[in-house]
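Accompanying notes for the structure given below.
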Amino acid sequence: MPVSIQNPVSERKWGFDPPPSGTKSSLRHHKMKYCSFCAQTVSRKTLDGDTHQRWVCDGCGHIHYQNPLIVVGCVPEKDGKILLCKRAIEPRYGYWTVPAGFMELGESQAQGAARETLEEACAEVQIGHMFASVDVVDAGQVHLFFTAKLLGDFAPGDESLEVEMFSEDEIPWDDIAFHSGRYALKKYFEDEGENNGVHIHELRRAKS
Ligand code: ZN
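With our numbering applied, the sequence shown corresponds to residues 1 to 208, in that order.
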């Protein structure tokens, strides 16, 4: 039987903070109506030996698995300052973020983090070690952050209004776009350049 893995979140935006408490919609699964292979209707079913309900095609039997997506990002550093991008896209237009985005098929985590930095900040980096992992449970995403060395120049890419270097004292903490990025930056500075392994954090919507 054919299987597929799909994005459980309808909008492909990595910067997903947990929905506010009291929000009705659940991101446990993303609604589907029709099979993307044969265009017939799908139904929610728990199959023998499985633990979760799935969207299963009523026609061809295709199981449309929905699983979390991986976001990779990095903190590019040079001469004690780090690079941040001011977002030119929603969500959080005008807020600052480390370069990050969804992994693409066929690339490693480090390649993804470097590619996102090239896209958002026109900057080449040498990726270091992973230092933070954030489960954004209600968004169905895992955000992974790496240290990085900035190798050359930088400039705003299409998704950035500005790109700037900040010392720790200069970080615009109130204008950081997302919880996961703020957590990563806090841990980055706490580590003071040491490799202290991976700091693990979990973001969930508050129970209402
Ligand atoms: Zn089908």
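Beta carbons are placed, not taken as given, at the ideal position from N, Cα and C, and that holds for glycine. Computed from a predicted model, the values in this text were never measured in an experiment.
For H62, the shortest separation between its Cβ and any heavy atom of the ligand ZN lies below 7 angstroms. The Cβ neighbour count for L151, taken over all protein chains shown within 10 Å, is under 16; the residue is labelled exposed.
Sequence-distant partners of W96 (beyond 5 residues in either direction) whose C-beta falls short of 6 angstroms from its own C-beta, in its chain, are L84, K86, P172, D175 and I176.
Non-local beta-carbon contacts of V125 in its own chain, meaning distances under 7 angstroms to residues more than five positions away in sequence, involve C74, P76, A114, T117, A148, K149, L150 and L151 in chain order. Membership of Y65 in the beta strand (DSSP E) is indicated by the continuous run I63 to Q66. Counting only residues of its own chain and dropping the five nearest sequence neighbours on each side, A121 has a CB closer than 8 angstroms to the CB of P76, L83, C85, P99, F154, A155, P156, G157, S160 and V163. In this structure, Q40 has its CB closer than 7 angstroms to one or more heavy atoms of the ligand ZN.
About 6 angstroms separates the beta carbon of V71 from that of F102, a gap short enough to meet the 8 angstroms contact definition. Given a length threshold of 3 residues, each whole run of the beta strand (DSSP E) inside the segment 106 to 146 is given here in chain order: 125 to 136. Only exposed fits R204, as fewer than 16 other CB atoms lie within 10 angstroms of its CB. Under the three-state reduction of DSSP output, E170 falls in the helix class. Around the C-beta of H62, 16 or more other C-beta atoms lie within 10 Å, and the residue is accordingly described as buried. Here V56 is not near S133, since their CB atoms are 8 angstroms or more apart. Beta bridge pairing from DSSP links E162 with K86. Distance from the C-beta of F189 to the nearest heavy atom of the ligand ZN is not below 7 angstroms. Taking C-alpha positions only, C60 is separated from T46 by approximately 16 angstroms. In the DSSP assignment, the residues bridged to T97 are C85.
Sixteen is the threshold: since fewer than 16 other Cβ atoms of the shown chains lie within 10 Å of the Cβ of I200, the residue is exposed. CA-CA distance, K78 to G193, rounds to 12 angstroms.
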